[in-house]
Amino acid sequence: MRVFNASRSLWLLIALLVPLSSCANSPLGQSLQDSLAADPRLSQANSPSPGGSPTPTTPSTPTASPSIAPSPQTSSVDRIPSFSESTSVGASGNSAGQTDVAVSTPSSPAIEVQPITFTDFNTTPAPLKPYISDLAKLGILTPAANPKPGATSQPLLKPNQNITRREFARWLVNSNNLLNRDRAPYQVRPAVETAEPAFKDISRKDPDFAIIQGLAEAGIIPSRLSGDGNTNATFRPNEPLTRETLLQWKVPMDVRQSLPNANIENVKQTWGFQDASKINGAALKAVLADYQNGDQANIRRAFGYTTLFQPKKPVTRAEAAASLWYFGYQGEGRSAQQALQPPSSPETATEPSPQTSPTEPSAP
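The following block contains the structure:
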């Protein structure tokens, strides 16, 4: 039965193909071919459109976690050179990397200093050696006079020898002007050679006339110009400098303002000096103002801690140098150590803030 059905199906297929082949080019054949052809609209729908994006296929069920999106592509940039490939700039601003230790500032030309090496430096008291070292490098200190005329020897500081009033006046002006080399208003101007002498014993022919006269004209040291009558008619250049005189000359150049009123009791309360009553009345103001300078007080730097001021005691050359290592008041000032540092750039150079006026202590 199955064989009969298969033979019957085969003969039916042959019967259908024979007529179709005979009318392949006839209108009936073309019509039959078109009816059996695939729908062109279905073909266009299944093929991707040119230039368009394919429609994403939505999954039938959500995934357990969102798919990771690709990282955005960054635009290319120029490679940053490593430090070893870049130019190294030294402290002085040059490409050689060298440090400029010239004594100069952005607003003033370099000053040629002449460092001096003292052969007797080791005889300086240990607490004062750092101050002497810095000032010697700046060329501020001068060798002590040799007592033997015409004798030639190595420069001697003689740090424990008394300093004269003349020599301290010279050191005072030179150190102040060098440490404030970029601040002309802080400098002491030397007197002109035609000025009327302020002291009977310092004539125009004196080698230190310009310095001593300049200090008198600035009102730093008492003289006839400051209205002190005949009390300071003479300068006495070769006499030893006393402690109270050192304070009387140096402190006004630290404070640069009117000194506070002072009396013996004020000094006793602040410094605790047992011999405050022996201090000259004209020097009391300077002694009190020096106390208000804190750790930068001249007395502390030059003489250390003491309950006896000994105002009439001569000052040694090392002590005098220590007092000149710093000029300023209550943190606003200049030191010899700073003067030895490389000059700062114009961008970082700043003017000091206004100083605070010395205050008078309350009455006991």
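Quick note, the sequence shown lines up with residues -24 to -1, 1 to 340 if you use mature numbering (1 follows the signal peptide of the UniProt record, and there is no 0).
Every residue gets a Cβ at the ideal spot worked out from N, C-alpha and C, and that includes glycine.
Neighbour flag for residue i against chain C, beta carbons, 8 Å
{"i": "residue 175", "result": "The structure shown contains no chain C; it is built from a single protein chain."}
Chain-order list of residues whose beta-carbon lies under 8 Å from that of residue i (same chain, five-residue window excluded)
{"i": "residue 235", "result": "227, 228, 261, 262, 264, 265, 334"}
{"i": "residue 218", "result": "287, 288, 289, 290, 291"}
{"i": "residue 258", "result": "198, 224"}
{"i": "residue 356", "result": "Outside the displayed span of the chain (-24 to 340) sits residue 356, for which this structure offers no information."}
{"i": "residue 105", "result": "97"}
{"i": "residue 101", "result": "135, 136, 294"}
For residue i, three-class secondary structure by DSSP
{"i": "residue 215", "result": "coil"}
{"i": "residue 311", "result": "strand"}
{"i": "residue 97", "result": "helix"}
{"i": "residue 115", "result": "coil"}
{"i": "residue 248", "result": "coil"}
{"i": "residue 56", "result": "Reliability fails at residue 56, whose pLDDT of 29 lies under 50, so the model's placement of it is uncertain and the value that follows must be treated cautiously. Coil at residue 56, not helix or strand."}
{"i": "residue 50", "result": "Note on residue 50: pLDDT 37, under 50, position unreliable in the model; the coordinate value appears next. Residue 50: coil per DSSP, three-state reduction."}
Beta-carbon proximity list for residue i, same chain, < 7 Å, skipping 5 on both sides
{"i": "residue 140", "result": "213, 214, 215, 216, 217"}
{"i": "residue 299", "result": "222, 226, 274, 277, 278"}
{"i": "residue 137", "result": "120, 292, 293"}
{"i": "residue 142", "result": "184, 213, 214"}
{"i": "residue 208", "result": "198, 199, 200"}
Assumed close pair residue i, residue j - CB separation to whole angstroms, cut-off 8 Å
{"i": "residue 165", "j": "residue 173", "result": "With 8 Å as the limit, residue 165 and residue 173 do not qualify as a contact, their Cβ atoms being about 16 Å apart."}
{"i": "residue 306", "j": "residue 280", "result": "Actually they are not in contact, since the Cβ atoms of residue 306 and residue 280 sit about 21 Å apart, beyond 8 Å."}
{"i": "residue 255", "j": "residue 220", "result": "6 Å"}
{"i": "residue 184", "j": "residue 121", "result": "Not confirmed; about 13 Å, so no contact."}
{"i": "residue 293", "j": "residue 133", "result": "6 Å"}
{"i": "residue 189", "j": "residue 171", "result": "6 Å"}
{"i": "residue 95", "j": "residue 130", "result": "4 Å"}
{"i": "residue 115", "j": "residue 91", "result": "6 Å"}
{"i": "residue 297", "j": "residue 117", "result": "6 Å"}
Cutoff 6 Å; reference residue i; Cβ partners in own chain excluding five residues on either side
{"i": "residue 210", "result": "175, 176, 177"}
{"i": "residue 240", "result": "252, 253"}
{"i": "residue 155", "result": "303, 310, 315"}
{"i": "residue 295", "result": "278"}
{"i": "residue 283", "result": "248, 250"}
{"i": "residue 192", "result": "174, 199, 201"}
{"i": "residue 345", "result": "The chain is shown only over -24 to 340; residue 345 falls outside these bounds and no answer can be derived."}
Residue i beta carbon near the ligand MG (any heavy atom closer than 7 Å)
{"i": "residue 303", "result": "This structure does not include the ligand MG; it has no bound ligands of any sort."}
Whole alpha helix (DSSP H) runs in the segment 138 to 214 with 4 or more residues, listed along the chain?
Listed in chain order, the alpha helix (DSSP H) elements of length 4 or more contained wholly in the segment 138 to 214 are 141 to 155, 185 to 193.
For the segment 267 to 299, which segments carrying the alpha helix (DSSP H) assignment without a break, of at least 4 residues, lie completely within its bounds, in sequence order?
274 to 279, 293 to 299
Using 8 Å as the threshold, is the segment 105 to 120 in touch with the segment 143 to 154, meaning 3 or more CB pairs across them?
yes
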